[in-house]
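Here the structure is laid out as structure tokens; the discussion comes afterwards.
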Amino acid sequence: MLLMLVIAAQAFQSLARYDGLLIPVLGVVNYTAPFFALALAHAIAKGGTIQRLRSFLRFYVVCAVAALTTVYLQTLGWETPVLGEVGVGIRIYDLGTVLTAYSGTFRASEIAAWHSATCACVILLLVTEGRPTPARLVLALALIAIVLSVGIMTGRRKLLVVFALFVASYVALLALLWRPARSIAFSAVIVGVLAYLVVFAGFGASPSELADRSSEYQLYVQRVSGVFGDVPDRFIELGVAPITWAYNHFGLLGGGIGIGTQGVQYITEIGGHIGAAEGGLGKIMLELGLPGLLAIGALGMAFMRHIWTLLADLPRRSERATRFACGLTAILVANGASFSVATQAYGDIFILLFLGTCLGALLAMPALAERERGEQAHRFMRRLPVRSRAGHMITSVH
């Protein structure tokens with residue numbers, strides 16, 4: 007409620023300062039869309055099953071992979087009005103050359119990169135939430151490699167960081183909550199490190215060697231290979247510094263909701279000079295001021311406490327629900343870290359709704375676990391002979 011009050015107050019400030027409805031409406035939609043998705047997904051999930059949630063994620067993977075193939079087609083030279091970025095597109099000046107930010111039908115490289123990373127995360131979640139066969143595991147890892155390889159052609163390096171954060175968070179949660187997963191977690195870390203070394207060894211073992219090669223794809227690989235070393239600097243420059251920038255330009259109360267939203271530069275002149283909006287913390291300080299930053303921080307802490315309580319209780323209910331909940335939590339953790347330094351993709355309404363859906367499904371996981379346990383007991387009773395079933399029921403009553 008405190009956050010909603012801050013959003014309403016900042017909407018009025020934006021309306022009064024910029025004399026128009028479009029800017030505050032864009033801002034309000036950006037901040038409230040995840041909550042609508044959360045409420046709807048929670049209501050639907052509570053009435054459904056884990057299998058229905060799995061089907062939803064599988065449907066997303068199919069659609070995302072199909073759309074990512076258009077990024078690959080664009081890299082092959084296909085020219086059609088439906089492929090590529092809107093407008094003149096983005097050029098990446100790096101490595102002493104100019105790289106194209108491919109986007110396919112996503113029409114924005116940031117959006118294509120987000121779906122590439124998220125699709126890889128969901129594939130890994132789907133293949134590990136059950137008991138995968140070696141063949142399924144190999145197939146899933148191959149598909150993840152293909153999806154990330156296509157995503158690298160967007161020129162957006164953060165997709166590898168998002169996937170790495172997901173894997174690290176997923177493995178850590180499984181190791182903490184599910185004792186049999188500790189050996190699996192250790193093996194997953196070893197496999198991940200080996201895969202990283204093998205992939206980059208195939209391109210030349212070091213960025214300096216990659217620079218001597220002429221392949222366009224290798225230039226993109228060289229660009230992303232240094233992303234992990236740049237993480238601390240980017241967090242300071244895009245995560246922390248923009249808060250000071252927003253305070254110096256707009257004070258403690260910010261400049262009004264919506265002025266840091268993607269596309270607002272085409273509505274008002276101030277949108278073209280907002281340097282704080284690229285980092286998530288800076289954008290919140292810019293639009294909602296210090297009250298909004300504190301309200302979102304308090305809400306985030308409340309969510310974390312509640313989710314940890316939920317996760318700690320799930321192992322006694324359902325093993326499968328525990329793995330699913332750990333995976334959904336890891337997706338949210340990875341996106342939260344990404345949002346703190348890069349907000350461009352999070353202006354997309356579908357992304358906001360997808361993340362809200364993941365959170366809503368996570369909060370409904372205890373109910374899904376209980377329903378799954380009841381269904382398992384029902385199936386077990388149906389397999390028993392009639393006489394044994396009666397004896398089992400009498401024993402249960404006693």
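For what it's worth, the numbering used here labels the leading residue of the sequence shown as 7, then goes sequentially. Built from N, CA and C at the ideal position, the CB exists for glycine as well.
| Query | Result |
| --- | --- |
| Does the distance from the CB of Glu293 to the CB of Ile56 come in under 8 Å? | no |
| Would the region 109-122 and the region 78-91 be scored as touching if the rule is three or more Cβ pairs under 8 Å? | yes |
| Give the straight-line distance between the Cα atoms of Glu215 and Leu132, rounded to the nearest whole angstrom. | Because Glu215 carries a pLDDT of 41, less than 50, the predicted location of this residue cannot be relied on, and the following value inherits that uncertainty. Cα-Cα distance, rounded: 37 Å. |
| Entirely within the region 78-116 and at least 3 residues each: give me those beta strand (DSSP E) ranges in chain order. | 97-100, 103-106 |
| Taking Asp319 as the reference, give the member of Gly362, Met371, Lys289 with the closest Cα. | Met371 |
| Using the rule of at least 16 other Cβ atoms within 10 Å of the residue's Cβ for burial, across every protein chain shown, is Arg322 buried or exposed? | exposed |
| Check whether the region 299-319 and the region 263-272 touch, using three or more Cβ-Cβ pairs below 8 Å as the test. | no |
| Going by C-alpha distance, which of Gly286, Ile249, Arg329, Gly298 is nearest Ala15? | Gly298 |
| Let me know the alpha helix (DSSP H) ranges lying completely inside the region 265-339, each 4 residues or longer, listed in chain order. | 286-319 |
| Measuring only the C-alpha atoms, how far is Val205 from Asp354? | Confidence is the limiting factor: at Val205 the pLDDT is only 49, short of 50, which leaves the residue's position unreliable and the question unanswerable from this model. |
| Between Asp25 and Leu8, what straight-line distance do the alpha-carbon atoms span, to the nearest angstrom? | 25 Å |
| What's the C-alpha gap between Ala178 and Cys332? | 9 Å |
| Can you list, in chain order, the residues of its chain with a C-beta nearer than 7 Å to that of Gly264? Leave out the 5 residues immediately preceding and following it. | Ser20, Ile29, Pro30, Leu32, Gly33, Val270, Glu293 |
| Give me the residue from Leu79, Thr124, Lys52 with the minimum Cα distance to Tyr108. | Leu79 |
| Report yes if the C-beta distance between Ala351 and Ile152 is below 8 Å; otherwise report no. | no |
| Using the Cβ count rule (16 or more neighbours within 10 Å means buried), how would you classify Trp120? | buried |
| First and last residue of the alpha helix (DSSP H) that includes Arg23? | 8-24 |
| Taking the CB atoms as reference points, tell me whether Gly362 and Ala43 lie closer together than 8 Å. | yes |
| Compute the Euclidean distance between the alpha carbons of Gln228 and Tyr176, then round it to the nearest angstrom. | 27 Å |
| Based on Cα-Cα distance, which residue from Met310, Cys364, Ala304, Gly262 lies nearest to Lys289? | Gly262 |
| Helix, strand or coil for Asp239, going by three-state DSSP, please let me know. | helix |
| Report all residues from its chain with a CB closer than 7 Å to the CB of Ala126; omit the five preceding and five following residues, and keep chain order. | Ile150, Val153, Leu154, Phe169 |
| With the cut-off set at 8 Å, would you say Ala367 and Leu171 are in Cβ contact? | no |
| By the three-class DSSP mapping on this structure, what secondary structure does Met371 have? | helix |
| Measure the Cβ-Cβ separation of Gly286 and Val246 and say whether it is below 8 Å. | no |
| Does Val104 pass the burial test, meaning 16 or more other C-beta atoms within 10 Å, or should it be called exposed? | exposed |
| Tell me whether Glu135 sits in a helix, a strand or coil according to DSSP, three-state version. | coil |
| Report the CB separation of Arg311 from Glu135 in whole angstroms; it is logged as a contact under 8 Å. | That pair is no contact at about 25 Å. |
| Use the C-beta contact count for Val463: other C-beta atoms within 10 angstroms, 16 or more gives buried, fewer gives exposed. | Not covered by the structure: residue 463. The range shown for the chain is 7 to 404. |
| With Ala148 and Ile129 assumed to form a contact (beta carbons below 8 Å), what rounded beta-carbon distance in angstroms separates them? | Rounded, the Cβ-Cβ distance is 10 Å, inconsistent with contact. |
| Along the alpha helix (DSSP H) that carries Tyr176, what are the first and last residues, could you check? | 164-183 |
| So Ala39 and Leu359 are in contact, right, with Cβ under 8 Å, and what is the actual spacing, rounded? | 6 Å |
| Are Tyr226 and Ile158 touching if we call contact CB-CB under 8 Å? | yes |
| Under a three-way DSSP split, which group does Thr124 fall into? | helix |
| Could you give the C-beta distance for Ala51 and Leu374, rounded to a whole number, given that I count them as a contact under 8 Å? | 6 Å |
| If you draw a straight line from the C-alpha of Val71 to the C-alpha of Pro138, how long is it? | 21 Å |
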